[in-house]
Every structure is written in structure tokens, then in C-alpha cells.
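A quick write-up on the structure given underneath.
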DNA sequence: ACCGATCCTGTACCAAGGTATGAGGATGCC
DNA sequence: GGCATCCTCATACCTTGGTACAGGATCGGT
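Residue numbers (full-length UniProt numbering), protein chains in the order written: chain A, 1 to 211; chain B, 1 to 211.
Here you go:
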């Protein structure tokens with residue numbers, strides 16, 4: 001699957017020019033003239049980036065950029081502008097833009113920025129895929145199993161877990177074993193890393209160690 | 001201990017003006033007119049940030065900024081400039097600057113940037129302190145203990161470790177116990193997180209799991 | 001030559017983890 | 001009602017982990 005480049009610009013001539021350039025580079029290009037069009041077309045499952053013009057009719061492209069995180073969209077943005085100034089560039093870069101290009105810019109500058117943008121998005125995809133797989137397995141755990149797993153990862157011994165939850169030792173062992181199987185953890189160390197990555201924290205456990 | 005603000009500017013008038021402003025805000029201020037002076041004064045143990053002018057006599061302030069990581073210095077930089085343009089701002093921000101201010105700028109803009117810079121440096125200090133403590137304890141381990149600990153964290157059972165290292169089971173247990181004591185790990189989960197944070201990876205172990 | 005650190009091993013014992021079998025109660029869904 | 005899931009427990013057995021005690025070997029520094 002080829003990487004995709006979204007172009008959001010209100011000038012049709014600019015869109016067409018970029019379209020030609022990027023198609024020649026074997027990118028899949030999607031052209032948009034409004035931010036709504038981009039939002040509709042955006043697919044978080046695809047390796048992509050956004051080429052964003054600051055001026056979109058009455059809308060400020062940097063406002064569009066700033067609104068992306070609020071919508072849960074983490075696409076790498078490359079900002080373009082015809083009449084940019086320093087504060088504008090700083091704002092765009094602070095908001096996490098990969099680059100801020102003033103028109104006219106050489107093709108190489110754009111292509112280099114796109115490469116970096118797609119590389120970052122590729123990292124996002126990899127992290128997201130792994131996290132999704134973990135969450136899928138974690139979802140299979142029953143509430144009790146999650147509870148026990150959390151305490152295990154917090155460093156408590158089965159006996160302590162049993163005491164804290166008011167259970168018999170065997171019961172804890174069973175839940176623990178189930179959790180290991182469902183999470184497909186080959187070892188306790190595995191489980192620790194998995195729950196770490198999922199951000200699971202047992203309730204009422206201080207920093208590090210047991211009690 | 002009050003936070004420290006380094007000012008690196010070749011214009012004495014600018015330095016004095018900033019000095020007055022920041023002292024009034026209860027910052028500890030250090031003035032420098034060359035990058036060597038700053039490098040000498042920089043103390044990574046202190047909560048600080050750098051206010052950097054782009055023009056330093058014959059030296060480019062952005063070159064100075066770019067050279068900091070190579071020297072292992074991770075100080076938050078706020079770039080100032082009298083005659084900045086967009087490419088300059090983009091370069092500074094890409095290099096990780098907290099902000100890029102064009103003179104003249106309002107005091108509030110600077111103070112806000114300094115707040116953000118010091119907050120980031122504070123996070124660096126906290127992370128560094130924890131990491132240093134861990135490294136100190138890890139340094140107490142003998143080579144063999146490190147080896148065993150790495151395999152333990154990789155998820156291998158003592159028996160497997162013994163086989164792989166050509167040792168008896170007891171020996172592995174002893175090294176393991178020593179490692180736990182020296183690292184002050186209250187549980188295996190602890191040890192996993194500690195070595196994770198230290199970036200310790202056992203040699204020849206694939207992704208996750210044992211073998 | 002002596003000391004200390006490191007590394008390795010044997011034996012023995014106890015604590016903890018893990019599994020299997022069997023079973024009872026509670027809940028919720030079709 | 002029948003069924004599945006979840007939670008719980010009892011008993012029994014085996015594996016693994018952890019430690020204490022005792023000893024031997026090597027190596028580098030004093």
C-alpha cells in the first residue's frame with residue numbers, strides 16, 4: 001500500500017501542481033479545498049501526511065491544524081504559505097508541524113519534508129497497531145482477572161493479593177493464570193511490559209514495590 | 001534553589017535590560033557574550049534555560065543551538081532575534097526551541113516562554129535523577145549478575161538461563177538474588193521496569209517472550 | 001604471600017507459583 | 001427452564017524460586 005498525501009489548499013492551481021509533482025513520486029494524492037473535506041477523507045489506518053495551506057478562504061489553516069488533536073487526529077502536518085511571517089511560522093511549528101514552507105519552495109524541500117512526515121506517521125501506525133493488539137487481548141480479561149493482574153504487576157505476591165481482595169490463594173492463582181493465558185504473556189516479565197504499555201496501574205499502590 | 005536563566009547575547013544593552021527584567025521576576029540570571037562562556041557556566045544539575053540571540057558577533061546562534069545535543073547538553077532554548085525571517089524561525093523551532101521571539105517582544109511573551117522552558121527542564125531533571133539512581137545501583141552488579149538479570153527480565157526461567165550460560169541452577173538463583181538485592185527491587189515486576197528504564201536488553205533475545 | 005572480590009558448585013529446606021479435578025453459587029441471556 | 005460466564009473454594013501434586021551453609025577456584029591488588 002503506497003503512502004498517501006493529503007493536500008488542503010483553496011487554490012486549485014496549486015493543488016493541481018502539487019498533485020502532478022507528487023504523483024510522479026508515486027504517492028497517492030488526495031486533494032481537498034476545505035478542512036471538512038479533509039476530515040472526511042482522513043483514514044487513521046493509512047500511512048499519510050497533510051500538506052496544509054495557511055489560507056483556506058475564510059478559514060485559518062493554523063486553526064485547522066490546532067483543532068486536529070482535539071479530534072483525536074495525529075497526522076503529520078506540513079504547513080505551506082504564500083505570505084508567511086515569523087509568528088505564523090512559530091505557531092505552526094509549536095503546534096507540531098514537521099515543516100513550514102514559504103511559497104515558492106523547491107521541490108526537494110517539500111519531498112524531504114514529506115519523507116520525514118511519513119516516517120513519523122509510520123511510527124505512529126506501528127505503535128498504534130501494537131497497542132490495539134494489546135488492548136484487544138486485555139479486553140478479554142474479566143474484571144477480576146484485570147484486578148489480579150494489576151496487583152501482580154504491582155509486585156504483590158499471590159498471598160498478599162488474596163489478603164487484599166479477600167480471596168483464597170488458589171483463586172488468585174487461577175485468575176492470574178487466566179490473565180497470563182488471555183494476554184498471551186510467556187512470562188511475568190512479559191505481562192509487566194504489556195500492562196505498562198497499556199498504562200494499567202493497580203489502585204492504591206504507591207510508587208514501585210509492594211506493601 | 002531558584003531557577004536560573006542563561007542569557008547569551010552579544011549586545012551588552014540587551015543583556016542588561018533582560019537582566020533587570022528577569023531579576024525582578026526572582027530568577028537567577030547569568031549573562032554571557034560568547035557561547036564558550038555559556039558552555040563553561042552551564043550546570044546540568046540546575047533547573048535552567050537559555051535565552052539565545054541569533055546574532056553573536058561572527059557566530060550564528062542557531063549553530064550554537066544545533067551543537068548543543070552533540071555536547072550532551074539538553075537545555076531548553078528560547079531564541080531571540082532582531083531581524084528574523086521565516087526560514088530562521090523554522091530552523092530554530094525544528095531544532096527544538098521552546099519559542100522564537102522577534103525583537104522587540106512584550107515582556108509577557110518572554111516570561112511565558114521561560115515558564116514553559118523551565119517546566120521542561122524540570123521534567124528533564126526529574127527523569128535524570130531517577131535514571132542516575134538506577135544506573136548507580138546497576139553499576140554495583142557484577143558482569144555475571146547483569147547477564148543473569150537481563151535474561152530474567154527477558155522472561156527466561158532460571159533453568160533456561162542456567163542452560164544458556166552453562167551454569168548450575170543454584171548459581172543462577174544466587175546471581176539473581178544478588179541482582180535483586182543490589183537493584184533494591186522488591187519484586188520481579190520492579191526489576192523489569194528498572195531495566196526497561198535503563199534500556200537493558202539481553203543479548204540474543206527476540207521480541208518479547210522466552211525461547 | 002595474603003586478602004578480597006568474583007564466580008562456581010553441592011546439599012538441603014522452605015516458600016511460592018502453577019495446574020488439575022471437582023464443585024457450588026450468582027448473574028444474565030435466550 | 002436451560003445455558004453460559006464469572007467468581008469462588010477445597011484438595012492434591014508438581015515445578016520453580018529463594019536462601020542458608022559450606023566449599024573450591026581464579027584473579028588482581030597490597
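Glycine included, each C-beta is placed from N, C-alpha and C at the ideal position.
- Look at residue 182 of chain A: its C-beta is not under 8 Å from any C-beta on chain B.
- Using a CB distance below 9 Å, the part of the UniProt domain "Response regulatory" (4-118) of chain B facing chain A consists of 81, 84, 85, 86, 87, 88, 89, 90, 92, 93, 94, 97, 98, 99, 100, 101 and 102, ordered along the chain.
- If you draw a 10 Å sphere on the C-beta of residue 67 of chain B, you find fewer than 16 other C-beta atoms in it, and that means exposed.
- For residue 169 of chain A and residue 163 of chain A, the gap between their C-alpha atoms comes out near 8 Å.
- Around residue 197 of chain B, the same chain offers 130, 131 and 134 as residues with beta carbons nearer than 8 Å, after the five sequence neighbours per side are excluded.
- Within the stretch 188-199 of chain A, contact with chain B at the beta-carbon level (separation under 8 Å) is assigned to 188, 189, 190, 192, 193 and 196.
- For the stretch 128-157 of chain B, residues whose beta-carbon sits nearer than 9 Å to a beta-carbon of chain A comprise 152, 153, 154, 155, 156 and 157.
- Within the UniProt domain "Response regulatory" (4-118) of chain A, the runs of alpha helix (DSSP H) at least 4 residues long that lie entirely inside it are, in chain order, 12-24, 35-41, 61-67 and 86-94.
- With a threshold of 8 Å between beta carbons, residue 186 of chain B makes contact with chain A.
- Within the model, the alpha-carbon separation for residue 64 of chain B versus residue 71 of chain B is close to 11 Å.
- Your pair residue 88 of chain A and residue 93 of chain B does not check out as a contact, with CB atoms roughly 12 Å apart and the cut at 8 Å.
- In the three-state DSSP reduction, residue 202 of chain B falls in the coil class, being neither helix nor strand.
- Counting along the chain, residue 171 of chain A sits inside the alpha helix (DSSP H) bounded by residues 169-183.
- In this structure residue 52 of chain A touches residue 8 of chain A by the C-beta definition: roughly 5 Å separates them, less than 8 Å.
- Spatial neighbours of residue 125 of chain B in its own chain (CB-CB distance under 7 Å, excluding positions within 5 residues in sequence) are listed in chain order as 47.
- Spatial neighbours of residue 178 of chain A in its own chain (CB-CB distance under 7 Å, excluding positions within 5 residues in sequence) are listed in chain order as 145.
- Residue range 158-165 is occupied by the alpha helix (DSSP H) that includes residue 162 of chain A.
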